[in-house]
Each structure stands twice: as C-alpha cells, then as structure tokens.
Amino acid sequence: DTGVSQDPRHKITKRGQNVTFRCDPISEHNRLYWYRQTLGQGPEFLTYFQNEAQLEKSRLLSDRFSAERPKGSFSTLEIQRTEQGDSAMYLCASSPLDTEAFFGQGTRLTVV
Amino acid sequence: AQSVSQHNHHVILSEAASLELGCNYSYGGTVNLFWYVQYPGQHLQLLLKYFSGDPLVKGIKGFEAEFIKSKFSFNLRKPSVQWSDTAEYFCAVNEPGNTGKLIFGQGTTLQVKP
Numbered sequence: 117d118t119g120v121s122q123d124p125r126h127k128i129t130k131r132g133q134n135v136t137f138r139c140d141p142i143s144e145h146n147r148l149y150w151y152r153q154t155l156g157q158g159p160e161f162l163t164y165f166q167n168e169a170q171l172e173k174s175r176l177l178s179d180r181f182s183a184e185r186p187k188g189s190f191s192t193l194e195i196q197r198t199e200q201g202d203s204a205m206y207l208c209a210s211s212p213l214d215t216e217a218f219f220g221q222g223t224r225l226t227v228v
Numbered sequence: 027a028q029s030v031s032q033h034n035h036h037v038i039l040s041e042a043a044s045l046e047l048g049c050n051y052s053y054g055g056t057v058n059l060f061w062y063v064q065y066p067g068q069h070l071q072l073l074l075k076y077f078s079g080d081p082l083v084k085g086i087k088g089f090e091a092e093f094i095k096s097k098f099s100f101n102l103r104k105p106s107v108q109w110s111d112t113a114e115y116f117c118a119v120n121e122p123g124n125t126g127k128l129i130f131g132q133g134t135t136l137q138v139k140p
C-alpha cells in the first residue's frame with residue numbers, strides 16, 4: 117500500500133499522559149498536513165509542513181501540541197499532558213505542490 | 027476567514043433516487059473546490075475537484091458537481107444513488123497557490139436504503 121500511513125490507529129490514554137502519533141506520507145509528497153476531526157464535524161486544520169519546514173500552525177494547536185517532520189519524510193504529532201477535550205480523530209494528509217490532498221486512516225485518540 | 031457550509035447534515039434516500047448535496051463557501055477570491063467521501067471504516071477519499079475551466083466537474087462513481095461562482099456554491103449531484111453510496115460527504119475549499127490547507131464543511135451523512 118503506497119498511501120498515507122498513520123500509526124497507531126487507536127490510542128487510549130489517561131488524562132495527563134503524553135502521546136505521540138506518526139504519519140508516513142506518500143513518498144515524494146512535499147506537503148504534509150495534520151487535521152483533527154471530532155464527531156459530527158469536518159476535519160479542522162492543525163498544522164502544515166513543506167518538506168521539513170513547519171510553515172503554518174492553527175490557533176487550535178495549543179502549546180501542548182508539537183509536530184515535527186525532521187527529514188521531510190515522516191511526521192510526528194505529540195500531545196503533552198492530554199486532556200479529555202483532546203479526544204478526537206487525528207488525520208494526516210500529504211500532497212504534491214498545489215493539488216489535492218491524500219488522507220490516511222487517522223489515529224483515534226481517547227483520553228479517559 | 028473562510029468557511030464552508032453544508033446544508034444537509036443527514037440525508038436518507040432510497041436506491042435509484044437522485045441526490046443533491048449543497049455546499050456554499052464564504053471566500054470571495056479564487057478557490058479550489060473539493061468533495062471528499064468517507065465510507066464506513068475507511069479514509070477520506072477524493073470524489074472530485076474543481077481548479078479552473080468547465081464549472082461542471084465529473085468525478086468517480088457517477089458523481090458530478092457544479093461550481094456557480096455567483097452563488098459561491100459547489101453542489102454535489104448523482105442521478106441515481108446506490109446502497110454502496112452510503113457514506114459521509116465533505117465539501118472543502120482552499121486557496122490556489124497558497125499552503126493548500128483545506129477548510130471543510132461539517133459533512134453530510136448519506137444513508138441509502140436498499
């Protein structure tokens with residue numbers, strides 16, 4: 117499968133714990149995006165990388181959230197000191213320059 | 027800020043019925059427009075897109091959408107739905123030549139009864 121891959125698919129964590137998600141984009145896609153989706157809503161943009169540079173962050177991305185794409189390939193999204201409000205589906209997408217985005221299956225986070 | 031509005035949150039149709047899902051966006055400049063579909067348990071997939079040219083766009087699985095600039099609309103249509111079209115449908119926009127980030131509508135859940 118050469119699509120966007122996300123790991124893990126599901127994560128249950130206790131409030132206050134840190135979690136890290138990984139995204140492997142389609143190879144040679146310059147752009148990588150993170151979105152968050154809650155029940156009954158469309159995905160909301162969190163952050164965007166072009167190659168290894170993080171070029172935009174949403175106001176939704178609090179200080180507890182950090183994302184990296186160290187070598188311009190895979191990316192990680194870390195949430196520190198998780199809160200129940202962080203429970204959501206975290207989606208990763210990648211694209212070549214200025215065309216449609218291809219989405220992964222997402223990581224469903226449940227904070228208990 | 028851009029926003030996208032999808033008028034119908036939940037639509038129930040019988041097989042062979044015609045489908046039209048509404049989508050309006052708020053941005054006044056040039057936009058790229060998309061419809062994505064999410065089948066149960068699967069990832070978001072592109073149904074169709076409009077970047078420029080003919081405002082009537084044909085996508086996969088018999089879907090089409092019409093861009094009406096004066097109405098800021100990009101409605102999705104299918105003449106005859108099938109049970110397998112049961113899914114969630116999202117309209118999205120972005121600004122060409124910019125970051126490519128998508129602004130999504132809330133989504134419409136389509137349930138097709140056999």
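In order, the protein sequence lines correspond to chains A and B. Mind the numbering: the first sequence is residues 117 to 228 in my numbering, read in order. Mind the numbering: the second sequence is residues 27 to 140 in my numbering, read in order. Each residue gets a CB set at the ideal place from its N, CA and C atoms; glycine is no exception.
Do V120 of chain A and K127 of chain A have their C-beta atoms within less than 8 Å of each other? Residue mapping note: residue 120 of chain A aligns to position 4 of the first sequence, counting from 1. Residue mapping note: residue 127 of chain A aligns to position 11 of the first sequence, counting from 1. No, these two residues do not count as a Cβ contact at 8 Å.
Answer with yes or no whether the minimum CB distance from P141 of chain A to chain B is below 8 Å. The sequence position of residue 141 of chain A within the first sequence is 25, counting from 1. So no, P141 of chain A is outside the interface.
Within the continuous beta strand (DSSP E) that includes Q221 of chain A, where are the two ends? Start at 1 with the first residue of the first sequence, and residue 221 of chain A comes out as number 105. No beta strand (DSSP E) contains Q221 of chain A, which DSSP labels as neither H nor E.
Start-end ranges of the beta strand (DSSP E) lying completely within the stretch 144-210 of chain A, minimum 3 residues: Entirely contained in the stretch 144-210 of chain A, the beta strand (DSSP E) runs reaching 3 residues are, in chain order, 147-153, 160-166, 169-173, 181-184 and 191-195.
Best match in A:S178, A:E216, A:V228 and A:L225 for proximity to I142 of chain A [C-alpha to C-alpha]: The residue labelled residue 142 of chain A in the question sits at position 26 within the first sequence. For the set A:S178, A:E216, A:V228 and A:L225, the Cα lying nearest the Cα of I142 of chain A is the one of A:E216.
Considering only the alpha carbon of each residue, which of A:E144, A:R131 and A:Q170 lies closest to S211 of chain A? If you number the first sequence from 1, residue 211 of chain A lands on position 95. Of the candidates A:E144, A:R131 and A:Q170, the one whose C-alpha sits nearest the C-alpha of S211 of chain A is A:E144.
Measuring alpha carbon to alpha carbon, tell me which residue in A:G156, A:R175, A:T154 and A:L155 is nearest L162 of chain A. Translated into the one-based positions of the first sequence, residue 162 of chain A becomes position 46. The shortest C-alpha separation from L162 of chain A is found at A:R175.
Rounded to whole angstroms, what is the Cα-Cα separation between Q64 of chain B and F190 of chain A? Walking along the second sequence from the start, residue 64 of chain B turns up at place 38. Walking along the first sequence from the start, residue 190 of chain A turns up at place 74. Q64 of chain B and F190 of chain A: Cα-Cα distance of roughly 24 Å.
R103 of chain B vs E114 of chain B beta-carbon contact at 8 Å: Counted from its first residue, the second sequence places residue 103 of chain B at position 77. Counted from its first residue, the second sequence places residue 114 of chain B at position 88. No, they are not a contact pair.
How about Q133 of chain A and M205 of chain A: are their beta carbons less than 8 Å apart? The residue labelled residue 133 of chain A in the question sits at position 17 within the first sequence. The residue labelled residue 205 of chain A in the question sits at position 89 within the first sequence. No, they are not a contact pair.
Rounded C-alpha distance that separates F137 of chain A from F165 of chain A: Translated into positions along the first sequence, residue 137 of chain A becomes position 21. Translated into positions along the first sequence, residue 165 of chain A becomes position 49. Computed Cα separation, rounded: 16 Å.
For the putative contact between Y62 of chain B and Q28 of chain B, defined by C-beta atoms under 8 Å, what is the C-beta separation to the nearest angstrom? For this step, residue 62 of chain B is matched to residue 36 along the second sequence. For this step, residue 28 of chain B is matched to residue 2 along the second sequence. With 8 Å as the limit, Y62 of chain B and Q28 of chain B do not qualify as a contact, their Cβ atoms being about 16 Å apart.
8 Å Cβ shell around L171 of chain A - same chain, five flanking residues per side excluded: Sequence index remark: in the first sequence, residue 171 of chain A carries index 55 (1-based). Here the set comprises Y164 and F165.
Alpha-carbon spacing of W109 of chain B relative to I38 of chain B, whole angstroms: In the second sequence, residue 109 of chain B corresponds to position 83, counting from 1. In the second sequence, residue 38 of chain B corresponds to position 12, counting from 1. So the alpha carbons of these two residues sit roughly 11 Å apart.
Measuring only between beta-carbons, confirm whether A267 of chain A sits less than 8 Å from chain B. For chain A, the structure presents residues 117 to 228; residue 267 of chain A sits outside this window and is missing.
Ignoring anything shorter than 3 residues, give me the beta strand (DSSP E) runs that lie fully in the stretch 52-125 of chain B, in order along the chain. 58-64, 71-76, 82-84, 90-94, 99-104 and 113-120
C139 of chain A versus A:K130, A:Q157, A:T118 and A:G201, residue with shortest Cα-Cα distance: Within the first sequence, the letter at position 23 stands for residue 139 of chain A. Looking at A:K130, A:Q157, A:T118 and A:G201, the one whose alpha-carbon comes closest to that of C139 of chain A is A:T118.
Taking 8 Å as the cut-off, decide whether the C-beta atoms of E92 of chain B and P105 of chain B are in contact. In the second sequence, counting from the first residue as 1, residue 92 of chain B sits at position 66. In the second sequence, counting from the first residue as 1, residue 105 of chain B sits at position 79. Cβ distance not < 8 Å, so E92 of chain B and P105 of chain B don't count as in contact.
Given this structure, state the Cα-to-Cα distance separating L45 of chain B from Q200 of chain A, to the nearest angstrom. The residue given as residue 45 of chain B occupies position 19 in the second sequence. The residue given as residue 200 of chain A occupies position 84 in the first sequence. If you take the alpha carbons of L45 of chain B and Q200 of chain A, they lie about 38 Å apart.
Here's the rule I'm using: 16 or more other beta-carbon atoms within 10 Å means buried, otherwise exposed. How should A42 of chain B be labelled? Locating residue 42 of chain B in the second sequence gives position 16, where the first residue counts as 1. A42 of chain B comes out exposed.
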